[in-house]
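Before any comments, here is the structure.
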Amino acid sequence: MVLQRAALLILVLASPALAAATQFDAVREQSRQIDDLAPFLERYLGSCRDEITRLDCQQNVRAARRGLDGRSFIASVSEQTLEIVKPERTRRGYRFVVTPFIDGGGIALTHGEPHRQDAAGRPLIGLLVMEGALPNGMDEMALESALRTGRLRLEVVFRPEGTWRLKRKGQPGFYEGVKAKFLALRLVESRTGAEIASKVMAGP
517 MVLQRAALLI LVLASPALAA ATQFDAVREQ SRQIDDLAPF LERYLGSCRD
567 EITRLDCQQN VRAARRGLDG RSFIASVSEQ TLEIVKPERT RRGYRFVVTP
617 FIDGGGIALT HGEPHRQDAA GRPLIGLLVM EGALPNGMDE MALESALRTG
667 RLRLEVVFRP EGTWRLKRKG QPGFYEGVKA KFLALRLVES RTGAEIASKV
717 MAGP
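The following block contains the structure:
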């Protein structure tokens, strides 16, 4: 048993990609799966516009947040992946630049909070970077095909930490979202589930 553990430790230390995957799985195992992000964000943000029921509604929203704050969750993003993940070729493999601004039905899930907008009125938020090499069984052509056809899924482990609101530049209305701390990210090939890159920022 001791020899097996020692061998596993040596293997993990010798393979940064495997170490990152192991760390991601450890964070994921302590997180609750969200099948649909939009209802989760809507419940957390709340919408209390009716004056007659506003006080009761606000109390319910606060109670819902208390039940969610301090916990970690994992959500998968498919359709938006190519919009928020940009690949860059490097000498060692690939770098994936992630814009941590995920649209959940008109409510955004963000890593931190945007405070300003660019010239086009898009909220600005700090980027996250994942480094990755080709997974076993995938060559460069297969990866390029996955990138081109959108066969990618981004898995996000996060902890909600409040809400934010930002007046739209030059337009009526506001951007609204749930401010979160992103704990870990993983990019996988949708068809096979093979990990392409991952990054762990913090444990739950």
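Under our numbering, the first residue of the sequence shown carries the number 517, and numbering increases by one thereafter.
Using N, Cα and C, we set each Cβ at its ideal position, and we do this for glycine too.
For residue i: DSSP bridge partner residues
i: R669; result: V704
i: R610; result: The amino acid at residue 610 is misidentified as Arg; the sequence shows Tyr. R605 and G648.
i: V694; result: L625 and T679
i: Q574; result: The partner list for Q574 (beta bridge, DSSP) is empty, contrary to what the question assumes.
i: I550; result: A591
i: P639; result: Q633
i: F674; result: F589 and F698
Environment of residue i [buried if 16+ CB atoms lie within 10 Å]
i: I568; result: exposed
i: F690; result: exposed
i: R608; result: exposed
i: A624; result: buried
i: K683; result: exposed
i: G620; result: buried
i: A718; result: exposed
i: R664; result: exposed
Neighbourhood of residue i by C-beta distance below 6 angstroms, restricted to the same chain and skipping five residues each side
i: Q549; result: I590
Where the beta strand (DSSP E) containing residue i begins and where it ends
i: A591; result: F589 to V593
i: A713; result: E711 to V716
i: D619; result: F617 to D619
Proximity below 7 angstroms, CB of residue i to CB of residue j
i: R587; j: V673; result: no
i: R681; j: S706; result: no
i: F612; j: M646; result: yes
i: E711; j: K695; result: no
i: P616; j: L598; result: no
Beta-carbon contacts of residue i that lie in its chain and below 7 angstroms, excluding the five residues immediately before and after
i: L519; result: For L519, the predicted structure reports a pLDDT of 41, less than 50, and the residue's modelled location is therefore unreliable. The matter cannot be settled from this model.
i: R559; result: A580
i: P639; result: F617, P630, Q633, L682 and Y691
Own chain, CB closer than 8 angstroms to residue i, minus 5 neighbours either side, in chain order
i: R570; result: C564
i: Q687; result: G637
The alpha helix (DSSP H) enclosing residue i, as first and last residue numbers
i: I600; result: T597 to I600
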